[in-house]
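One structure below.
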Amino acid sequence: MRHGIDMNSGPSNNIIGGTNAGQRNILSGNGENQNAALTAGIEISHDTLTSANLVIGNCIGTDPSCNSGPSWAINRHYGVRMEDGVNNNIIAGNVIGNNPQGGIRISGSGSNRNQVYDNRIGVSLNNTAIPNGAFGIEIGRASKFNDIGPNNIIANNPIGVKLLDDGTDFHTITRNSIFNNTQ
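For the sequence shown, the numbering used here gives the first residue as 1, with consecutive numbering after it.
Right under this line is the structure:
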């Protein structure tokens, strides 16, 4: 098993989860082992045609209550991974924690204009710390114009939001609560 949900090479206009009772997904325990290819609870990848997908109201890396991150619930690498040109996707209203590499990773040229808002990253529904291993959010490898905020709570991770690499430009990080990250 690799990813919990894998959308790649062109799927668009899909909804993963929802805000009504019974619509959320619990995406936990995905990824074969530590040495497998980079795995995630949800991966959105591999084409600029992969766009306009909505990931909303899910619990990623948690138990079914969305209030704790037991060892069996980790997704081997990332909670949500967006890469290789995906654009105009929305990640909103999710609880994302307990993922050894990080909560949300956006990377690659063309991975542009994605929106991340109203999420709890490293924090459970009942405000328990469920840190991700390396970062809350990481943006890199020449992605551009992504919006982080408003209203994300990004806490208890080693790094809250990490921008890296030359060419990773024009991102907006605004109106979030970013605290208690250790580095």
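No residue lacks a Cβ here, since even glycine has one placed at the ideal position from N, Cα and C.
Euclidean distance between Cα positions of I44 and T62: Approximately 20 angstroms between the Cα atoms of the pair.
In chain order, what residues of the same chain have a beta carbon less than 7 angstroms from the beta carbon of T174, not counting five sequence neighbours either side? G149, P150
Taking the alpha-carbon of G103 as reference, which of S109, N94, S111, G110 has the nearest alpha-carbon? Ranking S109, N94, S111, G110 by Cα distance to G103 puts N94 first.
Using 7 angstroms as the threshold, is the C-beta distance between L27 and C66 below it? no
Taking DSSP's pairing of strands, which residues face R216 in a bridge? Shown here, the chain extends from 1 to 183; a query on residue 216 therefore has no answer.
Anyone know if the C-beta pair for T182 and P158 falls short of 7 angstroms? yes
DSSP puts G17 in a beta bridge; with which residues? In the DSSP output, where bridge partners are listed per residue, G17 has I56.
Return helix, strand or coil for S65, following the three-state DSSP convention. coil
What do you reckon, are the CB atoms on L49 and G10 nearer than 7 angstroms? yes
Residues in its own chain within less than 8 angstroms of E32 by CB, not counting five upstream and five downstream? M1, R2, T39, R76
S111 versus W72: straight-line alpha-carbon distance, rounded: 31 angstroms
So which of L163, D118, N88, S107 has the shortest CA-CA distance to I96? D118
Residue from D6, N30, H46, G57 whose Cα sits closest to the Cα of T19: Nearest C-alpha to T19: G57.
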